[in-house]
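The sequence shown: position 128 = 174 (the numbering used here), numbered continuously.
The beta-carbon is built from N, C-alpha and C at its ideal position, and this holds for glycine as well.
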Amino acid sequence: MELLNIKNLDMSGKKVFIRCDFNVPMDEFGNISDDRRIRSALTTINYCLDQDCAVILASHLGRPKGEVNEKYSLASVARRIQHLLKREVVLSSDVVGEDAISKANALKSCEVLLLENLRYEAGETENDQILSEKLASMADFYINDAFGVSHRAHSSVEGVTHFFDEKHKAAGFLLQKEIQFFSKLIQKPVRPFAAIVGGSKVSGKLEALINLLPIVDKVLIGGGMAFTFLKKMGYDVGASLVEDDLLEDAGHVMDEAKKLGVKFYLPVDVVAAEKFAEDSVSKLTSVQEIPEGWMGLDIGPATVRLYREVLADVQTVLWNGPMGVYEMEKFARGSNKIAHFVADSYATTVVGGGDTADLVQRIGVDEEMSFISTGGGASLELLEGKILPGVAPLIIEKKNN
Ligand code: AMP
């Protein structure tokens, strides 16, 4: 899949609208706790500035649900970009209102404007055409560099592209990199290829799992989603997270794996707790002996040993979803140990998903991974074999003649 390339646009001195993904995690005081997504967008922003463009940046942050809410203001994002770019970044007080339009009109070459949170406008998530048109009217060129949101048909991601022809829109460097990386991973992985899939639920990752089976050699399951599979196998998993309506699907995934010769691994032991809390009583137990009413909140040491053994010979690892409730120290050990092992391996290691990226960063092994995707949901949809709505309008159509 070839995308319209930013390098082929004749943007010199023009106004360019860049859809970024600045949806960064914040602490309770509104400080940015991980600015990876902002740093990842700098290549495209700097490229446009080097072309003497006037740069309009736009992003969403959290879910303000169509209403202005200071909690979701991009003010601290503007400060961080300003710091990283070492040049002034002006923040408009609205998205397509008087302030944004007048600031966009007045914007000169090499100046940077950041629009307020796109989701202050209810039309953004509804792919509203009028909003798309207003956003498009601000600039001569449109660049999508927001991989993390490209699986959403939103106004600033999909609708807006219809107002630019092929000479006036393109994928930014980050979007290009993510798409090329996952396309190659799916088409030509170096084998053996293992997928480590964790996180809370089977439901969010079912399609990705099914699509991964024909590609991978091994699947290692962790996190809350393991219990739906374990229950399907007939184990009594106590009060662990189970999606009863997906038991059949879980069985189907395991049958498919067997048919395709994919080795499918489930935890053999867990850290079980009496309640979902850091201060809960907990104990190590095999998956056969989870006490009634207790819940498995992390993989246990035997599973860690097993998974290390299974991962020892792999050449490619794709990891999406933590092995346990890593946010609570007591249930983070399984995830941490797997993270260290994956980081130390010589395999190509790919981390997809906000939680997994957060986890590897918390323990300081993010630099050791080959690739950390900025989009959890988007990378899963790519692995499901889907063409993302924000990417589709940027694909170069091959002419047959
Ligand atoms: P996801 O968004 O589906 O990738 O899930 C990530 C979340 O799964 C994290 O917030 C974890 O705390 C949670 N999680 C992982 N393991 C478990 C478990 N055994 N029980 C409940 N939640 C879990």
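query = Which one or two residues does DSSP pair with R351 in a beta bridge?
reply = Per DSSP, none; premise fails for R351.
request  = Alpha carbon to alpha carbon, how far is L50 from N447? Give it in angstroms, no decimals.
outcome  = Note that N447 scores 47 on pLDDT, short of 50, meaning its location in the model is unreliable; the coordinates nonetheless yield the value given after this. Approximately 20 Å between the Cα atoms of the pair.
query = In this structure, does DSSP put F210 in helix, strand or coil?
reply = coil
request  = Tell me, please, whether the segment 137-154 touches the segment 74-90 by the rule of three or more beta-carbon pairs shorter than 8 Å.
outcome  = no
inquiry  = Residues in the same chain with beta-carbon distance under 8 Å from V288, minus the five sequence neighbours each way, listed in chain order, please.
reply    = Contacts found: F273, T274, K277.
key: Neighbour-count burial assignment, H197, 16 or more Cβ in a 10 Å radius   = By the neighbour-count definition (other C-beta atoms within 10 Å, threshold 16), H197 is a buried residue.
task = With DSSP collapsed to three states, give me the class of K305.
result = helix
key: Enclosing beta strand (DSSP E) for D315 [first to last residue]   = 315-319
ask   = In three-state DSSP terms, what is N173?
value = coil
message = Could you compute how far the alpha carbon of K194 sits from the alpha carbon of G307?
response = The question names Lys, but residue 194 in the sequence shown is Gly. One C-alpha to the other measures close to 33 Å.
request  = Name the two residues that bound the continuous beta strand (DSSP E) containing Y188.
outcome  = 187-190
request  = Note down the Cα distance separating G399 from E116, rounded to an integer number of angstroms.
outcome  = 27 Å
inquiry  = Quick check for students: name the residue ranges of the beta strand (DSSP E) that lie wholly in the segment 329-407, counting only runs of 3 or more.
reply    = 341-345, 362-366, 394-397
message = Let's test the definition: count the other Cβ atoms within 10 Å of the Cβ of Y392 and tell me whether it reaches 16, buried, or not, exposed.
response = exposed
ask   = If you pair each beta-carbon of the segment 237-251 with each one of the segment 206-224, do three or more pairs fall below 8 Å?
value = no
key: Backbone CA spacing between A121 and Q361 [nearest angstrom]   = 43 Å
request  = Check whether the Cβ atoms of M374 and E324 sit closer than 8 Å, and answer yes or no.
outcome  = yes
task = Tell me whether L159 is buried or exposed, calling it buried when 16 or more other Cβ atoms sit within 10 Å of its Cβ.
result = buried
message = At a cut-off of 7 Å, would you count S122 as near ligand 1, judging by its Cβ distance to the nearest heavy atom?
response = Shortest gap from the CB of S122 to any heavy atom of ligand 1: 7 Å or more.
inquiry  = Below 8 Å, how does it come out for the segment 200-212 and the segment 182-190: are there three or more Cβ pairs, yes or no?
reply    = yes
task = Could you check the C-alpha separation between S201 and I433 for me, to the nearest Å?
result = 17 Å
query = Should V142 and E113 be called a contact, given that it needs their Cβ atoms to be closer than 8 Å?
reply = no
inquiry  = When you measure from the CB of E324 to every non-hydrogen atom of ligand 2, does any distance come out below 7 Å?
reply    = Of the ligands one can find in the structure shown, namely ligand 1, none is ligand 2.
ask   = Given A285, which residues of its chain have a CB within under 7 Å of its CB, disregarding the five upstream and five downstream residues?
value = G339, W340, M341
request  = Return yes when at least one heavy atom of ligand 1 lies under 7 Å from the C-beta of V406, else no.
outcome  = no
task = Measure the Cβ-Cβ separation of T331 and V316 and say whether it is below 8 Å.
result = yes
inquiry  = Taking the beta strand (DSSP E) that F219 belongs to, which residues open and close that run?
reply    = It is not in any beta strand (DSSP E) - F219 instead sits in the alpha helix (DSSP H) that spans 219-233.
ask   = Could you give the C-beta distance for L164 and H106, rounded to a whole number, given that I count them as a contact under 8 Å?
value = 5 Å
ask   = Can you tell me whether DSSP reads I91 as helix, strand or coil?
value = helix
message = Helix, strand or coil for K278? Go by DSSP, reduced to three states.
response = helix
message = Can you tell me where the beta strand (DSSP E) holding V243 begins and where it ends?
response = 239-243
query = Taking just the CA atoms, how far does P435 sit from T89?
reply = Distance from the CA atom of T89 to the CA atom of P435, rounded to whole angstroms, is 23 Å.
query = When DSSP builds the beta bridges, which residues end up paired with V62?
reply = In the DSSP assignment, the residues bridged to V62 are V101, F187.
Helix, strand or coil at A150 [DSSP, three-state] = helix
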